[in-house]
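Q: Protein sequences appear in the order of chains A and B.
So for the first sequence, my numbering puts the first residue at 8; every next one is plus one.
So for the second sequence, my numbering puts the first residue at 992; every next one is plus one.
Using N, Cα and C, we set each Cβ at its ideal position, and we do this for glycine too.
Just so we're clear, the structure is a prediction, and the values are computed from it rather than from any experiment.
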Amino acid sequence: MNLKNIFGKKGAKTIKNGIWREHPISSATLGICSALAISNKVENAIAMSAGVIFVLVLTSVIISSMRKLIPGRVRIIIYMITIAAGVTIVDLVLMAYFPTISEAMGPYVPLIITNCIIMGRAEAFFIQNPPQHSILDALANGLAYAYTLLVIAIFREIFAFGTLLGVKVTPANWVDWVVLAAPAGAFFVIGIFLWITRTVAGIEPPGKG
Amino acid sequence: MAENSLLSIFFTALLIQNVALFYLLGMCPFIALSRSMKTAIGMGAAVIFVVGLTSSANWVMYQLLDMTGALILQYIVFIIVIAACVQLVEMIMERFFPALQASFGIFLPLITVNCIVLFISLKVTTVDGLSYIQALVYSLSAAAGFWLAMLLVAAIYEKLNLIGNVPKGLQGPGIIMIITGIMALSFMGFSGMV
Chain A
8 MNLKNIFGKK GAKTIKNGIW REHPISSATL GICSALAISN KVENAIAMSA
58 GVIFVLVLTS VIISSMRKLI PGRVRIIIYM ITIAAGVTIV DLVLMAYFPT
108 ISEAMGPYVP LIITNCIIMG RAEAFFIQNP PQHSILDALA NGLAYAYTLL
158 VIAIFREIFA FGTLLGVKVT PANWVDWVVL AAPAGAFFVI GIFLWITRTV
208 AGIEPPGKG
Chain B
992 MAENSLLSIF FTALLIQNVA LFYLLGMCPF IALSRSMKTA IGMGAAVIFV
1042 VGLTSSANWV MYQLLDMTGA LILQYIVFII VIAACVQLVE MIMERFFPAL
1092 QASFGIFLPL ITVNCIVLFI SLKVTTVDGL SYIQALVYSL SAAAGFWLAM
1142 LLVAAIYEKL NLIGNVPKGL QGPGIIMIIT GIMALSFMGF SGMV
């Protein structure tokens, strides 16, 4: 494929694919762990998304600009080190400026390292494409991750705690759905989310067996 | 039972705070492999083995980093140790146990990016600060808990597939999430056991 001829088209396609058609969570079911674990409060979801987008963009720039220098055999280790370095930065920034969020997210911040979205994009896209496309891809995938996390978090926070970003939004006689705050609720919400998005986007169910 | 006795650590990690159902971790392989009992068994065994190995190695690494005051490098070191261990296990198995390699070797590379491996390493060092024996018991029972959860969900999914009236959009990951949710609800019944 000649990238120079279709520069604009390719860029647009990259974004569209990342945000909707090949949505990382609903289509490929990647990065679900953090989407489940951190999505019961909107502020945690925002912090998590910001962290993931930052690490994704950083990784895309580093990996795609070094893609010709990285030997194929050790590429996985190189992704890991790049991602781990990015996550260390995120962790330290959160600890310094947002101690309460850092406290609430606890060990889930370092687990950004093993968020499959970042590894997946590095292997599928960054290693083969120049930096300008890789950044677009990173942003598109990061945004797709962020809006999914936000939708789930808004739903869970309103129904489970009756609040939105800590402000009470439900009527006074509202009974909290405690189950949504618990881990089990996360599974139900994301299961229904997958159901809706996969039906709307017309993604074929995986083959049996 | 005493707060930090080995038995209470065992039950907490295996049932009450199950890594898959309480901490919601390891979901990528969970979804991909809960589709059949056979792959679930293979992956579970590989996870238990690798987790035992890496969390012991990382426990030692953590003490070294702590002594030298280089804790800022913790994440990078942990992930390299995990990647190296997995690579090593793969090579040893290929050389000496080809039969074993054929049965669960394909799951090994996946484990490097499995969040529960990194999570357990972090949990026994930074978060809980356990002693070596406690860390080993915690790691093995947490990994066994992951195996247990995956097996239960895979069994239900296989049965459900035989009936086969799951709505189209819900097939695959969707229904696995719902099954896991119900499983998580029932595991909540274990809380307060220790």
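Which residue or residues does DSSP assign as beta-bridge partners of ILE170(A)?
A: Numbered from 1 along the first sequence, position 163 holds the residue referred to as residue 170(A). A quick correction: the sequence has Thr, not Ile, at residue 170(A). THR170(A) pairs with LYS175(A).
Q: Rounded C-beta distance between GLY1160(B) and ARG205(A)? I'm assuming under 8 Å.
A: Counted from its first residue, the second sequence places residue 1160(B) at position 169. Counted from its first residue, the first sequence places residue 205(A) at position 198. About 4 Å; that satisfies the 8 Å criterion.
Q: Can you tell which of ILE1167(B), THR1117(B), PRO1158(B) has the C-alpha that lies nearest to the C-alpha of SER1027(B)?
A: The residue labelled residue 1027(B) in the question sits at position 36 within the second sequence. Residue ILE1167(B) is the option with its Cα nearest to SER1027(B).
Q: Between the Cα of VAL1010(B) and the Cα atoms of LEU1079(B), THR1059(B), ILE1039(B), LEU1056(B), which residue gives the shortest distance?
A: By 1-based counting over the second sequence, the position of residue 1010(B) is 19. For VAL1010(B), the nearest C-alpha among the options comes from ILE1039(B).
Q: Starting from the C-beta of VAL1128(B), find all residues in its chain whose C-beta is less than 7 Å away, skip the five residues before and the five after it, and write them out in chain order.
A: Working through the second sequence from its first residue, we reach residue 1128(B) at position 137. Excluding residues within five positions, the ones whose Cβ falls inside 7 Å are LEU997, ILE1000, PHE1001.
Q: Does DSSP put SER996(B) in a helix, in a strand, or in coil?
A: As a first step, residue 996(B) is located in the second sequence; it is residue number 5 there, counting from the start. Coil.
Q: Apart from the five residues just before and just after ALA44(A), which ones in its own chain have a Cβ nearer than 6 Å to its Cβ?
A: Here residue 44(A) is taken as the residue at index 37 of the first sequence, counted from 1. Counting only Cβ-Cβ distances below 6 Å, and skipping sequence neighbours, we find TYR115.
Q: Put VAL1128(B) into one of helix, strand or coil per three-state DSSP.
A: As a position in the second sequence, residue 1128(B) is number 137, starting the count at 1. VAL1128(B) falls in the helix class under three-state DSSP.
Q: Under a CB-based cut-off of 9 Å, is CYS1076(B) close to chain A?
A: Along the second sequence, one-based indexing puts residue 1076(B) at 85. For CYS1076(B), the answer is no, since every Cβ of chain A falls outside 9 Å of its Cβ.
Q: To which residues of the same chain is PRO178(A) closer than 8 Å at the C-beta, ignoring the five residues directly before and after it?
A: Position 171 of the first sequence holds residue 178(A). Counting only Cβ-Cβ distances below 8 Å, and skipping sequence neighbours, we find nothing.
Q: For LYS48(A), which residues in the same chain have their Cβ closer than 6 Å to its Cβ, ignoring the five residues on either side in sequence?
A: For the purposes of this step, residue 48(A) is identified with residue 41 of the first sequence, where counting begins at 1. Counting only Cβ-Cβ distances below 6 Å, and skipping sequence neighbours, we find GLU164.
Q: Just curious, the alpha helix (DSSP H) that TRP1050(B) is in, first and last residue?
A: Sequence index remark: in the second sequence, residue 1050(B) carries index 59 (1-based). Unbroken alpha helix (DSSP H) run through TRP1050(B): 1028-1059.
Q: With 9 Å set as the bound, which would you pick, yes or no: does the beta-carbon of PHE61(A) sit closer than that to a beta-carbon of chain B?
A: Position 54 of the first sequence, counted from the start, is the residue given in the question as residue 61(A). Cβ-Cβ to chain B under 9 Å: no for PHE61(A).
Q: Please report the straight-line C-alpha distance between ASN180(A) and SER1122(B), rounded to a whole angstrom.
A: Working through the first sequence from its first residue, we reach residue 180(A) at position 173. Working through the second sequence from its first residue, we reach residue 1122(B) at position 131. Each residue's alpha carbon lies about 48 Å from the other.
Q: Am I right that ILE134(A) and ILE70(A) are in contact with their C-beta atoms under 8 Å? What's the rounded C-beta distance?
A: Residue numbering aside, residue 134(A) sits at position 127 when the first sequence is read from its first letter. Residue numbering aside, residue 70(A) sits at position 63 when the first sequence is read from its first letter. Confirmed, about 6 Å.
Q: Nearest to ALA1074(B) by alpha carbon, out of ASN1105(B), LEU1176(B), LEU1016(B), ALA1061(B)?
A: Stepping through the second sequence from its first residue, residue 1074(B) is reached at position 83. ALA1074(B) has its Cα closest to that of ASN1105(B), out of ASN1105(B), LEU1176(B), LEU1016(B), ALA1061(B).
Q: With a CB to CB cut of under 8 Å and the five nearest residues on each side skipped, what residues in its chain are close to ILE1124(B)?
A: For the purposes of this step, residue 1124(B) is taken as the residue at position 133 of the second sequence. LEU997.
Q: Hey, is LEU1005(B)'s beta-carbon within less than 9 Å of any beta-carbon in chain A?
A: Locating residue 1005(B) in the second sequence gives position 14, where the first residue counts as 1. No - not a single Cβ of chain A is within 9 Å of the one on LEU1005(B).
Q: Determine the contact status of SER1047(B) and SER1132(B), defining contact as a CB-CB distance below 9 Å.
A: Here residue 1047(B) corresponds to residue number 56 of the second sequence, with the count starting at 1. Here residue 1132(B) corresponds to residue number 141 of the second sequence, with the count starting at 1. No, the Cβ-Cβ distance between SER1047(B) and SER1132(B) is not below 9 Å.
Q: Counting only beta-carbon separations shorter than 9 Å, does ILE70(A) have a partner in chain B?
A: Mapped onto the first sequence, residue 70(A) falls at position 63. No, ILE70(A) lies away from the interface with chain B (no Cβ there is under 9 Å from its Cβ).
Q: Can you list the residues of chain A that VAL1118(B) reaches, using a CB-CB cut of under 8 Å?
A: Within the second sequence, numbered from 1, the residue matching residue 1118(B) stands at position 127. Correct list: GLY113, PRO114.
Q: Using the C-alpha atoms, what's the distance from ALA208(A) back to GLN1008(B)?
A: Position 17 of the second sequence, counted from the start, is the residue given in the question as residue 1008(B). Position 201 of the first sequence, counted from the start, is the residue given in the question as residue 208(A). Computed Cα separation, rounded: 35 Å.
Q: Give me the chain B residues within the contact set of MET102(A), using Cβ-Cβ distance strictly less than 9 Å, ordered along the chain.
A: Taking the first sequence and counting its residues from 1, one reaches residue 102(A) at position 95. Ordered by position in chain B, no residue passes the 9 Å Cβ test against MET102(A), which lies about 11 Å from the chain.
Q: Give a yes or no on whether the C-beta atoms belonging to TRP1050(B) and VAL1115(B) are separated by under 9 Å.
A: The sequence position of residue 1050(B) within the second sequence is 59, counting from 1. The sequence position of residue 1115(B) within the second sequence is 124, counting from 1. Cβ atoms of TRP1050(B) and VAL1115(B): closer than 9 Å.
Q: Taking 9 Å as the CB-CB cut-off, is MET1168(B) touching chain E?
A: Here chain E cannot be found, since the structure's protein chains are A and B.
Q: Compile a chain-ordered list of the residues in the region 1151-1162 of chain B whose CB is closer than 8 Å to at least one CB of chain A.
A: Of all residues in the region 1151-1162 of chain B, ASN1152, PRO1158, LYS1159, GLY1160, LEU1161, GLN1162 have a Cβ within less than 8 Å of some Cβ in chain A.
Q: What is the rounded straight-line gap between the Cα of LEU1012(B) and the Cα of VAL196(A)?
A: Position 21 of the second sequence, counting from 1, holds the residue named residue 1012(B). Position 189 of the first sequence, counting from 1, holds the residue named residue 196(A). Taking the straight line from one Cα to the other gives about 14 Å.
Q: Could you list which residues in chain B have their beta carbon closer than 7 Å to that of VAL94(A), in chain order?
A: For the purposes of this step, residue 94(A) is identified with residue 87 of the first sequence, where counting begins at 1. Here the neighbours are TYR1066.
Q: Which residues of chain B have a Cβ atom closer than 8 Å to the Cβ of PHE133(A), listed in chain order?
A: Start at 1 with the first residue of the first sequence, and residue 133(A) comes out as number 126. By Cβ distance, chain B contributes nothing, its closest Cβ being about 15 Å from PHE133(A), past 8 Å.
Q: In the region 138-169 of chain A, which residue ranges form an unbroken alpha helix (DSSP H) of at least 4 residues, counting only runs that do not cross its ends?
A: Listed in chain order, the complete alpha helix (DSSP H) runs (minimum 4 residues) inside the region 138-169 of chain A are 138-168.
Q: Are VAL62(A) and ILE119(A) touching if we call contact CB-CB under 9 Å?
A: Numbered from its first residue, the first sequence carries residue 62(A) at position 55. Numbered from its first residue, the first sequence carries residue 119(A) at position 112. Yes, the Cβ-Cβ distance between VAL62(A) and ILE119(A) is below 9 Å.
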